[in-house]
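J.:
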Amino acid sequence: MHRLLLESHGGGNETSGSGGGDGYTRDMNFDANMVIILAALLCALILALGLNSILRCAMRCGFGLSSSAAAGTVADRAGLKKRELKKFPVAEYGSGEVKIAATECAICLGEFADGERVRVLPPCNHSFHMSCIDTWLVSHSSCPNCRHSLIEVHVAGSE
3 MHRLLLESHG
13 GGNETSGSGG
23 GDGYTRDMNF
33 DANMVIILAA
43 LLCALILALG
53 LNSILRCAMR
63 CGFGLSSSAA
73 AGTVADRAGL
83 KKRELKKFPV
93 AEYGSGEVKI
103 AATECAICLG
113 EFADGERVRV
123 LPPCNHSFHM
133 SCIDTWLVSH
143 SSCPNCRHSL
153 IEVHVAGSE
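Each residue of the sequence shown is one higher than the last, beginning at 3 in my numbering.
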């Protein structure tokens, strides 16, 4: 039946065997090749997404990190206790007892007023309003400006 359709389409006057039938097979080969190429691209995409998910899961679980690096990242996420906050020095802005380079708190962006008490972080000498930095340090253990870890300071200073 297929052959009858091809012969009726070609008009019956094929002379060399390369008449109307070749266009049809060429179209079918093109469609089959296109399906194979699209299937291969789809498989490659699925494979790439799967590998990406596996790598992200492995990084999230801590594989590939040394134990000290993993401990450092966990410690950076944890905050400081209230009694540890009191160990950081407090200075009076504008009194001249401690040189404070900043004129404003980097957390609330409010300017320091003369005579206002500010907390100075020892490793980096960044200054903040006491209420601002205390709120920050309850949930973080690093300087909000430079991200310097403050836990190392207490471990070294307590010995």
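No residue lacks a Cβ here, since even glycine has one placed at the ideal position from N, Cα and C. These numbers were taken from a predicted model, which means no experiment stands behind them.
Classify CYS32: buried if its beta carbon has 16 or more other beta carbons within 10 angstroms, exposed otherwise.
T.: If you number the sequence shown from 1, residue 32 lands on position 30. Per the sequence shown, the amino acid found at residue 32 is Phe instead of Cys. Its Cβ having fewer than 16 others within 10 Å, PHE32 is exposed.
J.: Is there contact between the stretch 116-135 and the stretch 81-96, where contact requires at least three CB pairs shorter than 8 Å?
T.: yes
J.: SER129 and ILE102 look like a contact to me (Cβ under 8 Å); what is the Cβ gap, rounded to whole Å?
T.: Here residue 129 is taken as the residue at index 127 of the sequence shown, counted from 1. Here residue 102 is taken as the residue at index 100 of the sequence shown, counted from 1. Confirmed, Cβ separation roughly 5 Å.
J.: According to DSSP, is ARG149 part of a helix, a strand, or is it coil?
T.: Numbered from 1 along the sequence shown, position 147 holds the residue referred to as residue 149. In this structure, ARG149 counts as coil in the three-state DSSP scheme.
J.: Less than 9 Å separating the beta-carbons of LEU140 and LEU57?
T.: Here the question's residue 140 lines up with position 138 in the sequence shown. Here the question's residue 57 lines up with position 55 in the sequence shown. As written in the sequence, residue 140 is Val, which differs from the Leu given in the question. No, Cβ-Cβ distance for VAL140 and LEU57 is not below 9 Å.
J.: With H, G and I counted as helix, E and B as strand and the rest as coil, what does DSSP make of GLU86?
T.: Start at 1 with the first residue of the sequence shown, and residue 86 comes out as number 84. Helix at GLU86.
J.: Just to confirm, is the Cβ distance from CYS110 to CYS145 under 9 Å?
T.: The residue given as residue 110 occupies position 108 in the sequence shown. The residue given as residue 145 occupies position 143 in the sequence shown. No, the pair does not count as a contact, with Cβ atoms beyond the cut-off.
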